[in-house]
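Student: Have a look at the structure that comes next, please.
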Amino acid sequence: MDIQYWKDYYKSHKHNATNSLFSAFVRENYLKPHARLLELGCGNGRDSVYFAKSAIDTTAIDQIQDEMNYLNDHFGNESCRFVYGDFSQLKHIDSLRPPYDCIYSRFSLHSITYAQQSELFAQIPNYLDCDGILAIEARGVQNSLYQKGKRVQDEENAFIYESHYRRFVTLEDLLEDIRAMHSGSRSFQILYAKESRGFAPFTQGDRYENDYFIRVIAKLTDSCGGGGVNRYIVIILFPKKIYTHRYSPIATKCVYAHEGKEAA
Numbered sequence: 033m034d035i036q037y038w039k040d041y042y043k044s045h046k047h048n049a050t051n052s053l054f055s056a057f058v059r060e061n062y063l064k065p066h067a068r069l070l071e072l073g074c075g076n077g078r079d080s081v082y083f084a085k086s087a088i089d090t091t092a093i094d095q096i097q098d099e100m101n102y103l104n105d106h107f108g109n110e111s112c113r114f115v116y117g118d119f120s121q122l123k124h125i126d127s128l129r130p131p132y133d134c135i136y137s138r139f140s141l142h143s144i145t146y147a148q149q150s151e152l153f154a155q156i157p158n159y160l161d162c163d164g165i166l167a168i169e170a171r172g173v174q175n176s177l178y179q180k181g182k183r184v185q186d187e188e189n190a191f192i193y194e195s196h197y198r199r200f201v202t203l204e205d206l207l208e209d210i211r212a213m214h215s216g217s218r219s220f221q222i223l224y225a226k227e228s229r230g231f232a233p234f235t236q237g238d239r240y241e242n243d244y245f246i247r248v249i250a251k252l253t254d255s256c257g258g259g260g261v262n263r264y265i266v267i268i269l270f271p272k273k274i275y276t277h278r279y280s281p282i283a284t285k286c287v288y289a290h291e292g293k294e295a296a
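If you use my numbering, the sequence shown corresponds to residues 33 to 296, in order.
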């Protein structure tokens, strides 16, 4: 990630109160009130603040320390925290408190190298709760900026344009990488995947853009039988006793409990 570019950018682009369309899409369709959300690369915090004001417990990461200090001073509270750090290195950010119900990345995945993405994806399953959501919006190869600028050597689909690094994502490859993520018996199910216009239209003065972007929503599920603790209980009756067989997908094993109650 080109840190100096973003330092200069945020000096003139402080918090914008208007949240993105993607944040509203995720909140309205995939998040319950009081869900815990981790944002990767929050920028000027517009989506983070929106989530927090929508009763979502929000932790947001970015590498621009001055911007994180500014956002904490102006918007930080018990349900909205801004953390300085490299989101591709979650394991080195001690203040994080997983698991989260949603990991949210808008316009941040295409700002890191594929090697950094691979390292991030190796960590994500350990930071999501079972049935947790991974939400990604990024520039893909259909985006109008693709192939503009100077190609980055030894990196596929990566370019420097107007002093800014961008790596353009291929939807099929991204889905393959998401499906390859796992932790024990837990892996990702794709709920929504599309590369289209209409996701991030942009207006500035007389200028209007409606470019192509990628959206992916995936859910971390347990292959042993579904997410969530105590998803189901099977009751086995024996004379004078009741035994329960409780499946705990979080522990990824079956737990047997002898209740020791007299049968009715």
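For every residue, glycine included, the Cβ atom is placed at its ideal position computed from N, Cα and C.
Might you give, ordered along the chain, the residues of its own chain that have their beta carbon closer than 8 Å to the beta carbon of Glu-187, omitting 5 neighbours on each side?
Tutor: Thr-145, Tyr-146 and Arg-199
Student: Would you please state the rounded distance, in angstroms, between the beta carbons of Tyr-329 and Leu-122? I believe it to be under 8 Å.
Tutor: It is not possible to answer for residue 329, since the shown part of the chain is limited to 33 through 296.
Student: Pull up the distance between the alpha-carbon of Arg-229 and that of Asp-126, whole angstroms please.
Tutor: So the two alpha carbons sit approximately 38 Å from each other.
Student: Could you pull out every residue in the same chain whose Cβ sits closer than 7 Å to the Cβ of Tyr-132, ignoring the five residues on either side in sequence?
Tutor: Arg-68, Leu-69, Leu-70, Tyr-159, Leu-160, Asp-161 and Gly-164
Student: Out of Ser-255, Leu-53 and Ile-156, state which residue places its alpha-carbon closest to the alpha-carbon of Arg-218.
Tutor: Ser-255
Student: Among the residues of its own chain, which have a CB less than 6 Å from the CB of Phe-83, if the five just before and after it don't count?
Tutor: Hits under 6 Å: Leu-69 and Thr-90.
Student: Can you list, in chain order, the residues of its chain with a C-beta nearer than 7 Å to that of Ile-156? Leave out the 5 residues immediately preceding and following it.
Tutor: Closer than 7 Å at the Cβ level, and outside the excluded window around Ile-156, lie Ile-135, Leu-166 and Met-213.
Student: Taking Cβ positions, are Gly-73 and Ser-140 nearer each other than 8 Å?
Tutor: yes
Student: Check Ala-232 in the structure and name its three-state DSSP category.
Tutor: Correct three-state label for Ala-232: coil.
Student: Rounding to the nearest angstrom, what Cα-Cα distance links Arg-239 and Gln-149 in this structure?
Tutor: 33 Å
Student: Excluding the 5 residues preceding and the 5 following Asn-189 in the sequence, name in chain order all residues of the same chain whose CB lies nearer than 8 Å to its CB.
Tutor: So the list reads Val-173, Tyr-178, Arg-199, Phe-200, Val-201 and Thr-202, once near-sequence residues are dropped.
Student: Closer than 7 Å by C-beta to Ser-306: which residues in its own chain qualify, once you throw out the five before and the five after it? Chain order, please.
Tutor: A question about residue 306 goes unanswered here, because the residues of the chain that appear run from 33 up to 296.
Student: Pop quiz: Ala-92 and Phe-114 are said to be a contact at Cβ under 8 Å. What is the actual Cβ separation, rounded to whole angstroms?
Tutor: 5 Å
Student: My parser needs the beta strand (DSSP E) runs of 3 or more residues fully inside the region 81 to 133; what are they?
Tutor: Taking only runs of at least 3 residues, the beta strand (DSSP E) segments lying wholly in the region 81 to 133 are 89 to 94 and 112 to 116.
Student: Ignoring anything shorter than 4 residues, give me the alpha helix (DSSP H) runs that lie fully in the region 51 to 81, in order along the chain.
Tutor: 53 to 62
Student: Can you say whether Asn-51 is buried or exposed, counting buried as having 16 or more other CB atoms within 10 angstroms of its CB?
Tutor: In summary, Asn-51 is buried, with 16 or more beta-carbon neighbours lying within 10 Å of its beta-carbon over all protein chains present.
Student: Do you know whose CA, among Glu-194, Ser-215 and Ala-225, lies nearest Glu-208's CA?
Tutor: Ala-225
Student: Taking Gln-95 as the reference, which of Asn-101, Ser-111 and Asp-118 has the closest Cα?
Tutor: Asp-118
Student: The alpha helix (DSSP H) that contains Leu-177, what's its start and end?
Tutor: No alpha helix (DSSP H) holds Leu-177; DSSP gives it neither H nor E.
Student: Assuming contact is defined by CB atoms lying nearer than 8 Å, are Asp-232 and Leu-53 in contact in what I supplied?
Tutor: The question names Asp, but residue 232 in the sequence shown is Ala. In contact: Ala-232 and Leu-53 (Cβ atoms closer than 8 Å).
Student: By alpha-carbon positions, which one of Phe-191, Lys-85 and Asn-101 ends up nearest to His-142?
Tutor: Phe-191
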